[in-house]
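Chemist: Just passing along the structure, written as structure tokens.
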Amino acid sequence: MGRTMFKSVAPVCLLAFMILILLTEGSYAIEEVEDPLNSSDVLAASVMVSSFMEKNKKLPENVSVGNRTLDTPSYAYALSKVLTGSKVVENQTINGPQLDIRRISVKLTKNQYLEIASKFRNFTSRTQCCPATISFSGGKIDFYNAVYLLSKIGRYRQLHGKLPVAMQISTPLPLNAYHINSKAIDTRIKNLKSQIRKTINLMNIINKRIRYSGNKKTIMRLQGKLRSLEKKYSYLNGQLRYYDGLRSSPWYVPASLRRYIRSTAHCNINDPNIVYLARELSGNTTHSTALNLFSWVRDNIDYSFYYRTRYGASGTLRYRTANCVDQAHLMVALARTSGIPARYVRGYCRFISGNWYSHVWAQVWIRGRGWVTADTTHTMNNLGHVYNWNTSVSEVREVLLEYDLH
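As structure tokens, this is what we get:
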């Protein structure tokens, strides 16, 4: 009797257990499905993104869309769908491309910018990765500028309730990553000192006229002028103290070193991708910035053997592989666009293998430290320290402003 009951109950229990598992799995599946993004939330986010890029000259790391946080590629894809007619968009995680920024300044018609939005949407939908560049009827636009363009269009629609007839876009990125303009500081100090001298002379003249004037009205008028000049003198002195302080900053470059922060052959300090990376890696001091730049080149550029220059700074950043010369080009360009003097050194070095080779590396100038070696060609090396060749027996043959051998 007991065995019969067990046999009849067992299938029922098994069936109930399986139903429970299916229901549990179903509830988890339902919980994992995210609600779609609302178009109004995406458009509201575009206002913040466009303003952020205009102020900070870079892409935001994350974007708040409603009560969700999206990375920039996922936000850009959602916005491209909204601008091309979608009222509700699913929240998808999208990969971003390697930046290939181009400086552009162009006015796009409605047909042109909608063409860009459609191609952006279609490419991303197909590959789950945003396009690095988009070809359209007016030329090409890269991912960085496309995000800014779509965000400007979204902002206009959010604020005006309709799409613009046309949209002007200029790449939101400065020409370089300088912290201060040393030459402009010198010019400002020179002008301030000249104005201060003139103000003091005028004050002396008025004081003299006050002493010798017997007319009360004249004295009162002169005293009014004197008070005005004293205020001007105080303001100019305050400005002079401020700019003198900047000249004491570690970011200030003496006139004798300014040629080392300019573009030279294969070292374009205005390349937008080099400027963008330098700004991303910038620290609070010249030393911390140089250390960040050095570490990035050392850790992200693979070494490949060939002679002389093949890619230059811009190509090395794009292809992420280079010999010693091209790695030096990139290190020098990143430092110079950051306002840190940098130069090339060519030597004949004995490497840890025991072999002797011609070799090129960078040096950066840090206030209080002087010229510091920045050889990025081996992971053992640090800023200021070389371990892959013997510095005590190797020979420095040239110190160069530019290295232009092909």
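Read in order, the letters of the sequence shown are residues 5 to 410 in the working numbering.
Beta carbons are placed, not taken as given, at the ideal position from N, Cα and C, and that holds for glycine.
1) Once you ignore the five residues that flank Tyr315 on each side, which residues in its own chain have a CB closer than 7 angstroms to its CB?
2) By the 10 Å Cβ neighbour count, where 16 or more other Cβ atoms means buried, how is Asn99 classified, buried or exposed?
3) Rounding to the nearest angstrom, what Cα-Cα distance links Leu163 and Ser50 in this structure?
4) Quick one, are the C-beta atoms of Ile138 and Ile120 less than 7 angstroms apart?
5) Between Lys187 and the rest of its own chain, which residues show a CB-CB distance below 7 angstroms, the 5 nearest in sequence each way excluded?
6) Enumerated in chain order, which unbroken segments of the alpha helix (DSSP H) with a length of 4 residues or greater are wholly contained in the segment 144-181?
7) Are the CB atoms of Ala337 and Tyr264 within a distance shorter than 7 angstroms?
8) Can you name the start and end residues of the beta strand (DSSP E) that Cys353 belongs to?
9) Among the residues of its own chain, which have a CB less than 8 angstroms from the CB of Met207, if the five just before and after it don't count?
10) Report yes if the CB atom of Thr290 is closer than 7 angstroms to the CB atom of Ile370, and no otherwise.
11) For Trp255, I'd like the list of residues in its chain whose CB is within less than 7 angstroms of its CB, leaving aside the five on either flank, ordered along the chain.
12) Mind checking Asp379: buried by the 16 CB within 10 Å criterion, or exposed?
13) Spatial neighbours of Arg125 within its chain, please: CB distance less than 8 angstroms, with the 5 preceding and 5 following residues excluded, ordered by chain position.
14) For Gln227, which of helix, strand or coil comes out of DSSP?
15) Do the segment 221-229 and the segment 152-159 touch if we need at least three Cβ pairs shorter than 8 angstroms?
16) For Arg215 and Thr222, what's the separation of their Cα atoms in angstroms?
17) Could you check whether the segment 301-311 touches the segment 268-287, counting it as contact only if at least three pairs of C-beta atoms, one from each stretch, sit closer than 8 angstroms?
18) Who are the near neighbours of Pro168 in its chain, counting only those whose CB is closer than 6 angstroms to its CB and skipping five residues on each side?
19) Which residues does DSSP list as the beta-bridge partners of Lys111?
20) With DSSP as the reference, identify every bridge partner of Asn42, one or two as the case may be.
21) Among residues of its own chain, excluding the 5 on either side of Leu240, which ones have a beta-carbon nearer than 8 angstroms to its beta-carbon?
22) How many Å lie between Leu387 and Phe127 at the Cα?
23) Do Ser398 and Cys353 have their C-beta atoms within less than 7 angstroms of each other?
24) Going by beta-carbon coordinates alone, are Ser318 and Asn272 separated by less than 7 angstroms?
25) Could you say which of Gly70, Lys111 and Ile189 lies nearest to Gln172 if we only look at CA atoms?
26) Hey, Thr175 and Ile108 are a contact pair by Cβ (cut 8 angstroms); roughly how many whole angstroms apart?
27) Tell me which residue opens and which closes the alpha helix (DSSP H) that Asn296 is part of.
28) What are the residues that DSSP puts in a beta bridge with Tyr307?
29) Give the range of the alpha helix (DSSP H) segment to which Asn205 is assigned.
30) Got a sec, what are the start and stop residues for the beta strand (DSSP E) Val67 sits in?
31) Give me the DSSP bridge partner(s) of Asn126.
32) Exposed or buried, Met384, counting other C-beta atoms within 10 Å across all chains shown (16 or more means buried)?
33) The alpha helix (DSSP H) with Ser78 in it runs from where to where?
34) Rounded to whole angstroms, how far is the Cβ of His382 from the Cβ of Asn392, which I believe are closer than 8 angstroms?
35) May I ask you to report which of helix, strand or coil DSSP gives Gln331?
Modeler: Let's see:
1) The answer, listed in chain order, is Tyr323, Ala326 and Asp330.
2) Classification for Asn99: exposed.
3) About 11 angstroms.
4) Yes. Within cutoff.
5) So the list reads Arg262, once near-sequence residues are dropped.
6) Listed in chain order, the complete alpha helix (DSSP H) runs (minimum 4 residues) inside the segment 144-181 are 147-164.
7) Taking 7 angstroms as the Cβ cut-off, Tyr264 and Ala337 do not qualify as a contacting pair.
8) Where Cys353 is concerned, the enclosing beta strand (DSSP E) starts and stops at Ala346 to Arg354.
9) Cβ within range, chain order: Leu230, Leu233, Glu234 and Tyr237.
10) Going by C-beta atoms, Thr290 is nearer than 7 angstroms to Ile370.
11) Non-local beta-carbon contacts of Trp255 in its own chain, meaning distances under 7 angstroms to residues more than five positions away in sequence, involve His183, Ile184, Thr290 and Gly343 in chain order.
12) By the neighbour-count rule (16 or more Cβ atoms within 10 Å), Asp379 is buried.
13) Result list for Arg125: Tyr81, Ser84, Lys85 and Thr88, in chain order.
14) Under the three-state reduction of DSSP output, Gln227 falls in the helix class.
15) For the pair of segments examined, the segment 221-229 was found not to touch the segment 152-159: the number of CB pairs separated by less than 8 angstroms stays below three.
16) Just so you know, the alpha carbons of Arg215 and Thr222 end up roughly 11 angstroms apart.
17) No: fewer than three Cβ pairs fall under 8 angstroms.
18) Taken in chain order, the residues that qualify are Tyr160.
19) In the DSSP secondary-structure assignment, Lys111 is bridged to Gln172.
20) Asn42 is bridged to Val92.
21) Once the five neighbours on either side are set aside, the close Cβ partners of Leu240 are Leu196, Gln199, Ile200 and Thr203.
22) C-alpha separation (whole angstroms): 42 angstroms.
23) For the 7 angstroms CB-CB criterion, Ser398 and Cys353 form a contact.
24) Yes; because the gap between Cβ atoms is below 7 angstroms, this pair is in contact.
25) Ranked by how close their Cα comes to the Cα of Gln172, the residues Gly70, Lys111 and Ile189 have Lys111 in first place.
26) Yes, Thr175 and Ile108 are in contact; Cβ-Cβ is about 5 angstroms, under 8 angstroms.
27) From DSSP, the alpha helix (DSSP H) with Asn296 extends over Thr290 to Asn304.
28) Under the DSSP definition of a beta bridge, Tyr307 partners with Ala326.
29) Judged by DSSP secondary structure, Asn205 falls within the alpha helix (DSSP H) whose first and last residues are Ser186 to Tyr216.
30) DSSP places Val67 in the uninterrupted beta strand (DSSP E) bounded by Asn66 to Val69.
31) Note: Asn126 sits in no beta bridge, so no partner.
32) Exposed: under 16 other Cβ atoms inside 10 Å.
33) Per DSSP, Ser78 belongs to the alpha helix (DSSP H) from Thr76 to Leu87.
34) With a Cβ gap of about 4 angstroms, His382 and Asn392 count as contacting.
35) DSSP places Gln331 in helix when its eight states are reduced to three.
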